[in-house]
Structures are given as structure tokens and as C-alpha cells.
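Numbering (my numbering), first residue to last: 33 to 279.
Read the structure below first, then the notes.
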């Protein structure tokens, strides 16, 4: 695609992978990947590799965002007793009579288990599956028969759609849309967030385009007419700056 369209700037994102696979992508892209964890700008980990020729890109500064910052305004509704929510997920496991895992035992059936983490500052990477990231009002450990022994929205709960949006640094309500006059479900909104880029990471990367197009005159940033940005994009920046002045 790069060879065909010859873009001024490019950006490719991918997950962590084996070094030999990463090297293949690096060879084709012609630049080394920049490794950024979204936990620097949000309340969830999302470790990704970014290949880009945008000059001056580096990892963003740590904003020290904690898990409590994403709680929905309705979180208290699910937790009237004020019990502390712990981070966990729900996974299928084969457990023997002693509660030990035997995933390869064909004589055992899968049971859905809570797995409650000890680390409570950041979520793991948000996925498209709701049960991969849940709040659980239980101590760290593994708890079998999650859906039968424990009550949803009392002992545990899914993230709200708004909380999932916050993990991806999306604006509140961004995924709240209607299709055929029907609001899409929270699970569908969660899936959209799980497929998304972390907005503040991408914004940070793209900021380097504007930084490279400006110079500091001692008082303010001014457009650098000698930059290698295309004339069309320079005009876009100028028009945006004029709008700011009018405000």
C-alpha cells in the first residue's frame, strides 16, 4: 500500500509478537516500531507497536490515571453497600474435586470461573468480549460456578458502555448510536470499544505532525513555511488557527 500510494505519512499498528515476525514488518515499513502502552494515558493496558515515519514520535508522558477515574455515574447503583470492586475476568476452566485446573482432562466439564486479580490499578487490555473485563466484589482468587453461585450486579458486574469508552479515551456516549430506530446494546458498544485504538495515543502520535510543522517564536507556535507538509495541509492548519482566533 505504501509503495502504491506513496503517502506523506503512514502509521501501522499491531500487537506484540515474536521478534522474527516483528522484524519482517520492520523491514517492509523501513522504520523501527515505537512501543507504547495505553496505560500511560488511560486506566487500561494496551501494549502495541506503532510503525510510523512521522518525525519526533515517542511514548507519551504518564498521566497517572487510576481505575477509579472511569467509574460510571451509575456505579453506586450496582454497589449500594459500598463494597470495593476488584478487577477480574470470567473464564472457562476444567477443575478437579480439589479445585485444581485439569484443562486436558476429557472427563471434566468446563465451568465458568471468576478470576480476581490482586493488582487493582489498571485493567488488562480491553477486548471485544464483555466477560474478559469485569468488576467483582470478591477477594483475589478463583471462584467456580460464576453464573450460578453469584448474582450479577450484586457480586459482580460488567463494565458499562461508558466505562469501556473511558478506557479507550473516547468521548462519553461516543458509541451510543441508533440503527433502524433502535439503540444498539451495551455488548455491541463494548465490542466497538474493544476493536478501537486508544484515542489519546493516536492523538499524541498525530500531534507530532503539527509540532514538526510549527516553530516557537518565543511567544507562540507559528506555522513553519519551510516544513515538508503539503500545501493543502498547510492551508488546513492556517484555516483552523483562524477559527481559533475568531473564538
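Each residue gets a CB set at the ideal place from its N, CA and C atoms; glycine is no exception.
Could you say which of 92, 85 and 71 lies nearest to residue 40 if we only look at CA atoms? The residue you call residue 40 lines up with position 8 of the chain shown. Per the Cα distances, 85.
Residue range of the alpha helix (DSSP H) that residue 218 falls in? The count along the chain shown starts at 1 and reaches residue 218 at position 186. Residue 218 -> alpha helix (DSSP H) spans 218-226.
Please state whether the Cβ-Cβ distance between residue 130 and residue 222 is less than 8 Å. Locating residue 130 in the chain shown gives position 98, counting from the first residue. Locating residue 222 in the chain shown gives position 190, counting from the first residue. Not a contact, by the Cβ cut-off of 8 Å.
Just checking my contact of residue 81 with residue 54 at CB under 8 Å: how many whole Å lie between their CB atoms? Position 49 of the chain shown, counting from 1, holds the residue named residue 81. Position 22 of the chain shown, counting from 1, holds the residue named residue 54. A Cβ-Cβ separation of about 7 Å places residue 81 in contact with residue 54 under the 8 Å criterion.
Compare the beta carbon distance of residue 91 and residue 68 with 8 Å and say whether it is the shorter of the two. Residue numbering aside, residue 91 sits at position 59 when the chain shown is read from its first letter. Residue numbering aside, residue 68 sits at position 36 when the chain shown is read from its first letter. Against a cut-off of 8 Å, the Cβ pair of residue 68 and residue 91 comes out as a contact.
Is it buried or exposed, residue 200, if we count other Cβ atoms within 10 angstroms and call 16 or more buried? Here residue 200 refers to the residue found at position 168 of the chain shown. By the neighbour-count definition (other C-beta atoms within 10 Å, threshold 16), residue 200 is a buried residue.
Any idea what DSSP makes of residue 199, helix, strand or coil? To locate residue 199, count along the chain shown from 1; it is residue 167. In the three-state reduction of the DSSP assignment, residue 199 falls in the helix class.
I'd like the list of long-range same chain contacts for residue 237, defined as Cβ closer than 7 Å, with 5 residues on each side in sequence excluded. As a working mapping, residue 237 is identified with position 205 in the chain shown. Here the set comprises 43, 82, 84, 86 and 89.
When DSSP labels each residue in this structure, what does residue 76 get in the three-state scheme? The residue labelled residue 76 in the question sits at position 44 within the chain shown. In the structure shown, residue 76 sits in a strand (DSSP, three-state: E or B).
Selection from 151, 136, 134 and 143 that minimises the alpha carbon distance to residue 124: Within the chain shown, numbered from 1, the residue matching residue 124 stands at position 92. Its Cα nearest to that of residue 124, the residue 143 stands out among 151, 136, 134 and 143.
Endpoints, the beta strand (DSSP E) within which residue 46 is located: As a working mapping, residue 46 is identified with position 14 in the chain shown. Where residue 46 is concerned, the enclosing beta strand (DSSP E) stretches over 43-47.
Please work out which residues of its chain come closer than 6 Å, Cβ to Cβ, to residue 45, disregarding the five sequence neighbours upstream and downstream, and give them in chain order. Against the chain shown, residue 45 aligns to sequence position 13. So the list reads 80 and 82, once near-sequence residues are dropped.
In angstroms, rounded to a whole number, what distance separates the CA positions of residue 232 and residue 94? Taking the chain shown and counting its residues from 1, one reaches residue 232 at position 200. Taking the chain shown and counting its residues from 1, one reaches residue 94 at position 62. Looking at the backbone, the Cα of residue 232 and that of residue 94 are separated by about 12 Å.
Mapping DSSP to helix, strand and coil, what is residue 51? Residue 51 sits at position 19 when you count from the first residue of the chain shown. DSSP places residue 51 within a helical segment (H, G or I) once states are collapsed to three.
Backbone secondary structure at residue 179 - three-state DSSP: The sequence position of residue 179 within the chain shown is 147, counting from 1. The three-state reading of DSSP puts residue 179 in helix, counting H, G and I together.
Would you say residue 103 and residue 195 are within 8 Å of each other, going by their C-beta atoms? For the purposes of this step, residue 103 is taken as the residue at position 71 of the chain shown. For the purposes of this step, residue 195 is taken as the residue at position 163 of the chain shown. With contacts defined as CB atoms closer than 8 Å, residue 103 and residue 195 qualify as a contacting pair.
Going by DSSP, which residues form a beta bridge with residue 174? Taking the first residue of the chain shown as 1, we reach residue 174 at position 142. In DSSP, residue 174 forms a bridge with 147.
Keeping to the same chain, check which residues put their C-beta closer than 8 Å to that of residue 77; ignore five residues upstream and five downstream. Taking the first residue of the chain shown as 1, we reach residue 77 at position 45. Once the five neighbours on either side are set aside, the close Cβ partners of residue 77 are 69, 70, 71, 154, 155, 156 and 157.
Check whether the Cβ atoms of residue 227 and residue 160 lie closer than 8 Å to each other. For the purposes of this step, residue 227 is taken as residue 195 along the chain shown, with counting starting at 1. For the purposes of this step, residue 160 is taken as residue 128 along the chain shown, with counting starting at 1. Contact flag set, yes.
Would you report the Cα separation of residue 208 and residue 217, rounded to the nearest angstrom? Mapped onto the chain shown, residue 208 falls at position 176. Mapped onto the chain shown, residue 217 falls at position 185. Their backbone Cα atoms lie some 9 Å apart in a straight line.
Look at the Cβ atom of residue 172, then the Cβ atom of residue 145, and state whether they are nearer than 8 Å. Residue 172 sits at position 140 when you count from the first residue of the chain shown. Residue 145 sits at position 113 when you count from the first residue of the chain shown. Cβ atoms of residue 172 and residue 145: not closer than 8 Å.
Under three-state DSSP, which class holds residue 84? Mapped onto the chain shown, residue 84 falls at position 52. In the three-state reduction of the DSSP assignment, residue 84 falls in the strand class, which pools E and B.
What does DSSP give as the partner residue(s) for residue 210 in the beta ladder? The sequence position of residue 210 within the chain shown is 178, counting from 1. Residue pairing by DSSP places residue 210 opposite 215 in a beta bridge.
Secondary structure of residue 119, DSSP reduced to three states: As a working mapping, residue 119 is identified with position 87 in the chain shown. DSSP places residue 119 in strand when its eight states are reduced to three.
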